[in-house]
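Quick note, the sequences are listed as chains A and B, same order. Quick note on numbering: full-length UniProt numbering labels position 166 of the first sequence as 166, and the sequence is numbered without any gaps. Quick note on numbering: full-length UniProt numbering labels position 36 of the second sequence as 36, and the sequence is numbered without any gaps. The structure appears right after this line, and notes come after that.
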Amino acid sequence: MDITEVPVSHDNKGKKKKNKKTKNTEGNGGADVVETKEDVKMEKSEAAESAFPPTFSVSEIKNKQRRHHMFLKFKLEKRKQKLQLKKKKKKERKALGDKAPPKEVPKTIENQRVYDETTVDPQDEEIAFDEGTDEFSAYFNGLTNPKVLITTSDRPRGRTVRFCEQLATVIPDAHVYYRRGLALKRVIPQCVARNFTYLMVINEDRKVPNGLVLCHLPNGPTAHFKISNARLRKEMKRRGKDPTLHSPEVILNNFTTRLGHSIGRMFAALFPQDPHFVGRQVATFHNQRDFVFFRFHRYIFKNEKKVGIQELGPRFTLKLRSLQKGTFDSKFGEYEWVLKRHEMDACRRKFQL
Amino acid sequence: MADTSRLCSVWLGSETGILKGVSLTRKQAFNFCNTSHLSRDQEVRALCWGDPDESELLVGSADGTVKTFSTEKGVFTETRRCGDPVTDGPFTGLAALMSGSSSVVTCVESGAVRVWREDGGDEPVTELHAGKNVCRMRQSPVNRHVVATGGKENGLKIWDLQKPESPVFTAKNLRDDWLDLRRPQWVRDVAFIPDSDKVVTCTGYHQVHVFDPSSPQRRPVLEVEYGEYPLTALSLPAAGGTVVVGNTHGEIAVLDLRKGVVRGCLKGLAGGVRSLQCHPSRPEVASCGLDRFLRIHGLEDRKLQHKVYLKSRLNCVLLASRDLGDGGGAVEGEVKEEDGGEEDDVWETMERVEEKTKRKTTEEEEQLQKKRKKGQD
């Protein structure tokens, strides 16, 4: 290529552009015939400024209108090339038939995830012991049955009330109580005395649920989540009939790190250990990029191969804010994990759960 | 076991009752316990060196026993029972007197500070009561028989173990606040400032206090506030003039003890700090806590130097002074760096000289040229 300086004067545009064009095509030489043809067409339609020398960038054009125009062109060109390449590849694949090389796996931030040294190895004795003797061990050994108290921040309104009611239909043995302006620290001993194993507090802001405090009783831990995108049963499309009283099955996806394990165990301990398979209901906690998606479904085996599912609702998304050791004590409690924004999430490929 | 234990320069006690050793040069961590007999009763609550050579490690467990671990042999050599865990509560402090026979000072949550001699049998030689809810007992690094205690609603007290009848110094509570309300007290950690009588404490109400027993004032001579969460641990760096404190949210800060301001924060922690220790000679601080990581920060640049995942929640950390934090490799590296620095200096001076000469030469040349021009003219 022999053009290194960038001519950006608008007076003698046409000439220069043409100059570029010819040189460009010369330089490319072995490029596809189709492309050159297209270039020619473009030239015909409008003094084509589609291709630029390598050091030229659209942003250097000073006239805004012109720049915008050029940029649109540039983009269109790029898109065309991309589509062509795609077509070509597809053709090649078809021609090769079975011998075609396997498709490349797309790069996503999940499969590019930074290695986390806390990922739990199921064979590890020490972690097995740690988990075997933690606060949830009583539930996992079958000694206690979950009993959940659901309450809200003070004076809940609108959606929050309905959200609580619907949560209570999802979690078996859940009791919704009106908060009555009570302090959580006063509520907790009463809950413990009445054999509750969980205290769940939904916080609301402008009539929309936005926070969840999940406190395992009698001695912690306490997790604080942000709730977003809560969708109630009424707002669901193609929703099934209301859930039955059967205790659902629980699916926990992608809770791999040590922290994720603790959170997963916490969710698991909300539901009774022996699900009623007659009810065909499933509660799913799916973790993806540290967001936990909750869905509640009913399934049916249509035949040996086909399964139908029907969403029952509600659905919402949780994001962990903190995990505190012991029952709720935001002032003097010791935190096992706190989300520190801009420090922990500086790397987009690093996940905590 | 013996080979691995000799390598370790950082020792940690975990909530699952495992004593862990970390070798930073090899980037390896070792567990020193019998994995078949794990139990949470053996939770390590206190760690200290048993002798000045740092060949013995004293481990205070939650079940009221103090075990001696030999770092030479890599095994637990001795177990002695120090008090009843049911009535006393867990250990809050442990120290070795290191005067002739191996005597151990223990402190429990109920406030009993006891001195145990090896040949003394099951009864403590000395016993004193430091009040209820003691959170920490620390030994003075200079006078081994001086200890400080403090806890919830239990201000700082300094005791001389040779005169256990009454404390040497009792701190007075802070003045009532502007509403004439009593200020609550909650000492979470204590440290003696070397080269002076002063004692620094950190409280559950995010204050750092400096007490001076040599002055008549019994209230703190300096008060610093840091953050809004309870401070749980503190440690004094070798350089002096500063203190490193950590809180329940995993924030560590270096505070200046002369002006009472924050010098800088150490980043990278995810969970609450349980224990902090500065290296006795190098500007490094080790921290451990509920997020199951051991982290070592440099105090000069405040950068994270090492991060080790240790699988259990960690209660206490202890650094060895002998091989300078991270063993031979780092020392060599440092020496090399120093060499490099000297060379750099040499080059800098040489360059300067060259530049000067160059300038001179150019100037001279110019003058010469001028002269020539003049001559031509």
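All residues carry an ideal CB built from backbone N, CA and C; glycine is no exception. This one's a predicted model, so the numbers in the text were calculated from it and none came from an experiment.
For A/Thr327, the closest alpha carbon among the candidates A/His224, A/His246, A/Leu252 and A/Lys305 is that of A/His224. Look at A/His276 here: in three-state DSSP terms it is coil, with no helix or strand label.
With 16 or more other Cβ atoms inside 10 Å of its own Cβ, A/Glu126 counts as buried. Counting every other CB atom within 10 Å of its CB across the protein chains shown gives A/Ala95 a total below 16, marking it as exposed. Under the 7 Å criterion on CB atoms, B/Thr92 is classed as non-interfacial with respect to chain A. For A/Tyr335, the uninterrupted beta strand (DSSP E) segment begins and ends at Glu334 to Val338.
Setting aside the 5 residues that flank it on each side, B/Arg6 is surrounded in the same chain by Thr71, Glu72 and Gly74, each with a C-beta closer than 8 Å to its C-beta; the list follows chain order.
Counting only residues of its own chain and dropping the five nearest sequence neighbours on each side, A/Arg157 has a CB closer than 6 Å to the CB of Lys207. In the DSSP annotation of this structure, A/Gln166 is not part of any beta strand (DSSP E); the continuous alpha helix (DSSP H) holding it starts and ends at Arg159 to Val170. The region 198-256 of chain A contains, as complete beta strand (DSSP E) runs of 3+ residues, the segments 198-205, 208-216, 222-231 and 249-253 (chain order).
By the C-beta criterion, the region 136-149 of chain B is judged to be in contact with the region 184-204 of chain B, since at least 3 inter-stretch pairs fall below 8 Å.
For A/Phe332, the number of other beta carbons within 10 angstroms of its own is below 16, and it is reported as exposed.
About 6 Å separates the beta carbon of A/Arg179 from that of A/Asp154, a gap short enough to meet the 8 Å contact definition. Among the residues of chain A, those whose CB is under 7 Å from the CB of B/Tyr309 are Glu117 and Thr118, following chain order.
Using beta-carbon distances, A/Glu126 counts as an interface residue toward chain B, with a partner under 7 Å. As for any beta strand (DSSP E) of minimum length 3 sitting wholly inside the region 181-210 of chain B, the runs are 187-192 and 199-203, ordered along the chain.
With a threshold of 7 Å between beta carbons, B/Pro230 makes contact with chain A. For B/His249, the closest Cβ of chain A is nearer than 7 Å. Between A/Thr284 and A/Ile309, the gap from beta carbon to beta carbon reaches 7 Å or more. Under DSSP, B/Glu223 shares a beta bridge with B/His209.
Along the length of the region 61-103 of chain A, whole alpha helix (DSSP H) runs at least 4 residues long occupy 64-96, reported in chain order. A/Asp290 has a beta carbon lying at 7 Å or more from every beta carbon in chain B. Where A/Met266 is concerned, the enclosing alpha helix (DSSP H) starts and stops at Arg258 to Ala268.
In terms of Cα proximity to A/Arg113, the closest of A/Pro102, A/Lys73, A/Asn219 and A/Asn254 is A/Asn254. Going by DSSP, A/Arg186 is part of the alpha helix (DSSP H) stretching over Leu184 to Ala193. From the listed residues A/Pro272, A/Leu212, A/Tyr177 and A/Phe129, the smallest Cα separation to A/Thr144 is found for A/Pro272. Annotated as distal: B/Gly131 and B/Val187, with beta-carbon spacing of 7 Å or more.
With a cutoff of 7 Å on beta-carbon distance, A/Cys191 and A/Leu149 are scored as near each other.
Our two residues, A/His276 and A/Pro172, have alpha carbons roughly 11 Å apart in a direct line. Within the same chain, Phe136, Tyr139, Phe140, Pro146, Thr197, Tyr198 and His216 come within 8 Å of A/Ala269 by CB-CB distance, once the 5 residues on both sides are set aside. Residues of chain A whose Cβ lies closer than 8 Å to the Cβ of B/Asp291 are, in chain order, Glu336 and Trp337.
If you draw a straight line from the Cα of B/Asp256 to the Cα of B/Lys198, it is about 15 Å long.
In this structure the region 293-310 of chain A does not lie against the region 244-255 of chain B, because fewer than three pairs of beta carbons, one per stretch, are closer than 8 Å. With 16 or more other Cβ atoms inside 10 Å of its own Cβ, B/Thr68 counts as buried. Here the alpha carbon of A/Arg93 sits roughly 16 Å from the alpha carbon of A/Val105. Minimum Cα-Cα distance from A/Phe294 among the listed residues A/Phe267, A/Val213 and A/Asp242 corresponds to A/Phe267.
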